[in-house]
């Protein structure tokens, strides 16, 4: 269908729609033919009745055969990947008893239960620049660094800071990702600052409306995870912004940072072992250090060094070990060969691959299912109650 992002789930849905439409069309034609009282039609031999339907159906079948074969091949490919990942089918599994149902906790933009460490200097510098900006036009700060280094988390810290809330009349956060749709982004910004739905699909109308809403207001906008390198797309998106607007851009690409011409670009270094250890122990032991868990101190410090200064790696492995109370399991994680797999070959941080490898099979199955959906796809999911929540799948920052 026009406007849909690519994805196997979408393509399967489109084919089912085509079959449903063809079935409805044939039923309608058949009904009309039976209702006809034309005397001329009665003179037509029955062998010719429905010929056009047969020819049309034949053409439809021929057009659908290659599409179905393509879908089948892609599904078989997914099945092969499932086998390679060690995912197993769950057949005839009885539902868990009421008392044993897993508890799903709501998530938020910021994990306030865990103290963020290691980026206080960058946070304060960004806040100073945002609050002290008196330029005639809009200004941009960029955070540019590889995945897993905490770009999004730093932007969240700044965005949610109390002094920032006092300094700006309006704020908006948009996850851009690799689908840089200027209309969708502008609409998201407008809906965020007005808290109203927006039905405009014309870019000019959207930008005029946005410019009116921002007139005379101080505005902070975060554009998270930009990949688009096309300067023309950026110039179109930035058109409504003027004096009083400050933008924070997060990206993995230096070329994107250069394109937006930031007032200052923040390049994050890897965390120290002490900061990584603090993140790891908060997630693994709900503590700032190993003082009350001496039995895990030596092996825990070894694991932290393997995280190589990446906050996401420390968080992922810490979360993996949160319910593990056996020392041998910690050693098994540390000694895993997955740590030694080069990231360049698969584009996955070893700690994240290791975390995935140790997931229970039913969660691996969930990951496999999500992999067929387009990035940032939003859908409604019923979660153990009559209420419905929105779940957004995105890449790990």
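Numbering (my numbering), first residue to last: 16 to 412.
For each residue, glycine too, the CB sits at the ideal point set by N, CA and C.
- Residue 195 places its beta carbon less than 7 Å from that of residue 243.
- In the structure shown, residue 247 falls within a helical segment according to DSSP collapsed to helix, strand and coil.
- In the assembly as shown, residue 269 is an exposed residue. Its beta-carbon has fewer than 16 other beta-carbons within 10 Å.
- Under the three-pair Cβ rule at 8 Å, the region 282-300 counts as touching the region 328-344.
- In the DSSP assignment, residue 187 falls within the beta strand (DSSP E) that extends over 185-192.
- In the DSSP assignment, residue 260 forms a beta bridge with 234.
- Spatial neighbours of residue 42 in its own chain (CB-CB distance under 7 Å, excluding positions within 5 residues in sequence) are not present.
- Contact between residue 249 and residue 218 does not hold, since their C-beta atoms are separated by about 14 Å, which reaches or exceeds 8 Å.
- Judged by beta-carbon spacing, residue 83 lies beyond the 7 Å limit of residue 138, meaning their Cβ atoms are not closer than that value.
- One thing to note: residue 152 has its Cβ no nearer than 7 Å to the Cβ of residue 388.
- Residue nearest to residue 325 within the set 247, 285, 257 is 285 (criterion: CA-CA distance).
- For residue 158, the pairing in a beta bridge is given by DSSP as 265, 281.
- The beta-carbon distance between residue 185 and residue 232, rounded to whole angstroms, is 5 Å. This is short enough to meet the 8 Å contact definition.
- C-alpha of residue 91 to C-alpha of residue 376: approximately 20 Å in a straight line.
- If only complete runs of 4 or more residues are kept, the region 288-332 shows the alpha helix (DSSP H) at 288-300, 312-321, in order along the chain.
- Spatial neighbours of residue 237 in its own chain (CB-CB distance under 6 Å, excluding positions within 5 residues in sequence) are listed in chain order as 170, 174, 188, 263.
- With 16 or more other Cβ atoms inside 10 Å of its own Cβ, residue 299 counts as buried.
- Close CB contacts of residue 337 within its chain, under the 7 Å cut and outside five residues either way in sequence, are with 298, 299 (chain order).
- In the three-state reduction of the DSSP assignment, residue 241 falls in the strand class, which pools E and B.
- Taking C-alpha positions only, residue 310 is separated from residue 341 by approximately 10 Å.
- Beyond the five residues adjoining it in sequence on each side, residue 226 comes within less than 6 Å, by CB distance, of 255 in the same chain, given in chain order.
- Residue 266 is not a Cβ neighbour of residue 155, given a cutoff of 7 Å.
- With at least 16 other beta carbons inside 10 angstroms of its own, residue 157 counts as buried.
- The continuous alpha helix (DSSP H) containing residue 174 extends over residues 166-174.
- The Cβ neighbour count for residue 210, taken over all protein chains shown within 10 Å, is under 16; the residue is labelled exposed.
- Residue 383 is not a Cβ neighbour of residue 89, given a cutoff of 7 Å.
- Counting C-beta atoms within 10 angstroms of its own C-beta, residue 239 has 16 or more neighbours from the protein chains shown and is therefore classed as buried.
- Per DSSP, reduced to three states, the secondary structure at residue 350 is coil, with no helix or strand assignment.
- Relative to the Cα of residue 191, the nearest Cα in the group 183, 317, 202 belongs to 202.
- Secondary structure of residue 344 (DSSP, three-state): helix.
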